[in-house]
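Some notes on the structure that comes next.
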Amino acid sequence: MIIDDGILFRQAEEKDTGILVALYDQAARWMVRQGIEQWKPGEKDTAHFLEKMRQGEVWLASDGDGRAVGAYELWWSDEEAWGVQPPVAGYVHRLMVERESAPVGAGRRLLEHAERRIARSGLERARLDCVSTNPRLLAYYQGAGYRVVGEYPHKEAKDGRVYGVILLEKRLDRLTLV
């Protein structure tokens, strides 16, 4: 367990899948209310998060009272969006914040935690993708130091829906390890 200024980070376990599904669905409902075409409630179930735990890492963040305030997935490759790449990056997915109880800045802290985790693994870059129809999220990631390095216009969702994503990356340096 890692404590970062009042937020406790730990790798999610099988018993946490219900919390992860609830975080995802809450974030998806918020996006729908904001008119953001991205996540849909019910799209990710316990099987999804169990699979991601087996393939990579899923991190859960909680406050001092043990309430979940956010989570993210960390993958070690993402061939679907990025193609075959040399092993120089970690890929951040499903950055989720519990909007009711998360402290201000929790999303950025989750992202920074992912970056430190990637850097400690000996990799030099953090990568993520952002749906191309969400300029607010793109600006958020650029404000966190990510730069656009490409676009993948034909990503396919499980339901067959095709959408575009913007590919972003951030070079990590020794300061990230602090």
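Numbered according to my numbering, the sequence shown spans residues 119 to 296.
Backbone N, C-alpha and C define an ideal beta-carbon position, used for all residues, glycine too.
Query	Result
DSSP state of Ile284 mapped onto helix, strand, coil	strand
Nearest-angstrom Cβ-Cβ length linking Ala186 and Ile137, presumed shorter than 8 Å	5 Å
Through-space distance from Gly182 to Val206, alpha-carbon basis	34 Å
Proximity test, Cβ basis, 8 Å: Lys288 and chain B	Note that chain B does not occur in the displayed structure, where there is just one protein chain.
Beta-carbon gap between Tyr142 and Arg212 smaller than 8 Å	yes
Alpha helix (DSSP H) runs wholly inside the region 203 to 284, at least 4 long, in chain order	224 to 238 and 253 to 261
Separation of Lys273 from Phe127, as counted between CA atoms	31 Å
Cβ neighbour criterion (16 or more within 10 Å) applied to Val296	Caution applies to Val296, whose pLDDT of 46 falls short of 50 and renders its modelled position unreliable; the model cannot decide the point.
Assigned secondary structure, Arg128 (DSSP; H/G/I helix, E/B strand, else coil)	strand
The region 161 to 169 / the region 246 to 258 touching (three or more Cβ pairs under 8 Å)	no
Between the CA atoms of Gly208 and Lys288 - distance to the nearest angstrom	10 Å
Secondary structure of Val177, DSSP reduced to three states	Going by the sequence as given, residue 177 is Trp instead of Val. Correct three-state label for Trp177: strand.
Inter-residue spacing [alpha-carbon to alpha-carbon] between Glu132 and Ser180	16 Å
Cα-Cα separation between Ala130 and Trp148, rounded to whole angstroms	23 Å
Span of the beta strand (DSSP E), counted from its first residue to its last, around Gly188	Ala186 to Trp193
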